[in-house]
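Quick notes on the structure that follows.
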Amino acid sequence: MAYFLFNYDDHHHLIPSFLEAAANAYGNPVLCKEWFSWKYTANPYGDPIIYCAVDNDEIVGWVSYGRQNFLINKKVYHGAMSFDTFVAPSHQGQGIFSKLVKLVEAELKEQNIAFAINFPNSNSLPGFLKRNWKQLDIVEYWVKPKNIVAMPKIVKNIRNTFVPLSSNYEEIKKAIPSNFNQNPVGTLESQVTYDYLKWRFFTHPNAAYIVIDNEYLFSIARIGKRGAMQEIQIILVHWKLNEKSISRLIRDYKKKVAFDLIGFSISKNNPLRKELKKQLFIKVPTQVNVCYKIFNESLNIDVSTISLSAINYHTY
Numbered sequence: 669m670a671y672f673l674f675n676y677d678d679h680h681h682l683i684p685s686f687l688e689a690a691a692n693a694y695g696n697p698v699l700c701k702e703w704f705s706w707k708y709t710a711n712p713y714g715d716p717i718i719y720c721a722v723d724n725d726e727i728v729g730w731v732s733y734g735r736q737n738f739l740i741n742k743k744v745y746h747g748a749m750s751f752d753t754f755v756a757p758s759h760q761g762q763g764i765f766s767k768l769v770k771l772v773e774a775e776l777k778e779q780n781i782a783f784a785i786n787f788p789n790s791n792s793l794p795g796f797l798k799r800n801w802k803q804l805d806i807v808e809y810w811v812k813p814k815n816i817v818a819m820p821k822i823v824k825n826i827r828n829t830f831v832p833l834s835s836n837y838e839e840i841k842k843a844i845p846s847n848f849n850q851n852p853v854g855t856l857e858s859q860v861t862y863d864y865l866k867w868r869f870f871t872h873p874n875a876a877y878i879v880i881d882n883e884y885l886f887s888i889a890r891i892g893k894r895g896a897m898q899e900i901q902i903i904l905v906h907w908k909l910n911e912k913s914i915s916r917l918i919r920d921y922k923k924k925v926a927f928d929l930i931g932f933s934i935s936k937n938n939p940l941r942k943e944l945k946k947q948l949f950i951k952v953p954t955q956v957n958v959c960y961k962i963f964n965e966s967l968n969i970d971v972s973t974i975s976l977s978a979i980n981y982h983t984y
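Under my numbering, the first residue of the sequence shown is numbered 669, with each subsequent residue one higher.
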């Protein structure tokens, strides 16, 4: 068994093995090399930090973090967010996960990452907590039916798993705004730049998206199904004017796409939360776990106050 820091130039021959192992671990179809290249080599914030375990020239364990800048007002902090974490079913119970997490944490600190945000599943969460990651009970999902007529369909299908529709890249590739200037919310949040938007949504999208871009706002939503119900999940909202109207946002999406339910994945500190409550959105249970760990001991910010939205934790 070999453990090492993955380097694209030196270890690109292992990419097919990673794609197979990830598909087996997650129970998903095997993704393509182009997807790997997009996710792991094109992030405008820099190269990812990856530790892997290899047995007989096959990937059997993988822990990776993508670089992500964060803001408080206009001050930038260099952080990281979890990408892929798994151990092959054939090699579980051998301590591989713990060793990879320990190695990658040391590397995060070595590369001056201030803190990292993780979204582990319920099986992985205890392992991170044992390594002094701090769990945040802050994730909420707020939903609203398109109208009363949709309620029977929603009640029947709401417990189904959300499945995003296939990529509609050809439809949206020209929808990227000509410029984008983030409006800081005044609390800790991820930095979203024009280059980040272009990379994340308009280069190799792995789902169907709808883009709203008018004089009032810029917004991106993901489209998917829960059983027979169509749902849109708001990924990003960028207000261009002082008026921050959720009702206008809903009207704009109704003009562009048919849906039964609209949802916002946010944290408790997201400024949208107050507006969603005013618009009679309903908070429903979510199984998303969030935890963080600080690697720069001189960091003087409270990470627990972070403002998150679906752009942070929907699947890449």
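Virtual Cβ for every residue (Gly too), placed ideally from N, Cα, C.
Segment limits, beta strand (DSSP E) that includes residue i
i: Lys908; result: Lys908 -> no beta strand (DSSP E), and no H or E assigned at all.
i: Trp706; result: Counting along the chain, Trp706 falls outside any beta strand (DSSP E), though it belongs to the alpha helix (DSSP H) covering Lys701 to Thr709.
i: Asp881; result: Ala876 to Asp881
i: Tyr960; result: Val958 to Ile962
i: Ala693; result: Per DSSP, Ala693 belongs to no beta strand (DSSP E); it is in the alpha helix (DSSP H), Ile683 to Tyr694.
i: Lys670; result: Note on identity: in this sequence residue 670 is Ala, with Lys being the wrong assignment. Ala670 to Leu673 is the extent of the beta strand (DSSP E) around Ala670.
Cβ pair residue i, residue j closer than 8 Å
i: Arg916; j: Tyr960; result: no
i: Ser685; j: Ile727; result: yes
i: Ser1067; j: Tyr809; result: What the structure shows of the chain is the stretch from 669 to 984, and residue 1067 is not part of that stretch, so it cannot be assessed.
i: Ala843; j: Ala756; result: no
i: Pro873; j: Ser835; result: yes
i: Leu665; j: Ala876; result: Residue 665 cannot be examined here, being either before or after the span of the chain that is shown, 669 to 984.
i: Val698; j: Val731; result: no
i: Lys814; j: Ile930; result: yes
i: Ala748; j: Gln736; result: yes
i: Tyr708; j: Leu768; result: no
Residues that residue i bridges to, as DSSP identifies them
i: Arg894; result: Met897
i: Met749; result: Gly734 and Ile785
i: Lys951; result: Trp810
i: Pro832; result: Gly892
i: Gly854; result: Note: Gly854 sits in no beta bridge, so no partner.
i: Gly931; result: Val811 and Gln901
i: Tyr719; result: Leu673 and Val731
Opening and closing residue of the alpha helix (DSSP H) in which residue i lies
i: Gly795; result: Leu793 to Lys798
i: Phe765; result: Ile764 to Glu778
i: Asp725; result: Counting along the chain, Asp725 falls outside any alpha helix (DSSP H), and DSSP gives it neither H nor E.
i: Tyr837; result: Tyr837 to Ile840
i: Ile822; result: Met819 to Asn825
Cβ separation of residue i and residue j, assumed to be a contact under 8 Å, to the nearest whole Å
i: Gln887; j: Val860; result: A small correction: the amino acid at residue 887 is Ser; Gln does not occupy that position in the sequence shown. Their Cβ separation, rounded to whole angstroms, is 12 Å, which puts Ser887 and Val860 out of contact at 8 Å.
i: Ala710; j: Thr871; result: 7 Å
i: Phe765; j: Gly795; result: 6 Å
i: Leu856; j: Ile979; result: Not really, about 14 Å apart at Cβ, beyond 8 Å.
i: Ser790; j: Asn957; result: 7 Å
i: Gly892; j: Val831; result: 5 Å
i: Ile816; j: Lys936; result: About 29 Å separates the two Cβ atoms, so there is no contact after all.
Cβ pair count under 8 Å reaching 3, the region 961-979 against the region 802-813: yes
Using a Cβ distance threshold of 8 Å, determine whether the region 909-926 contacts the region 778-793, with at least three qualifying pairs required. no
If we count Cβ pairs, one from each stretch, closer than 8 Å, do we get three or more for the region 816-828 versus the region 891-904? yes
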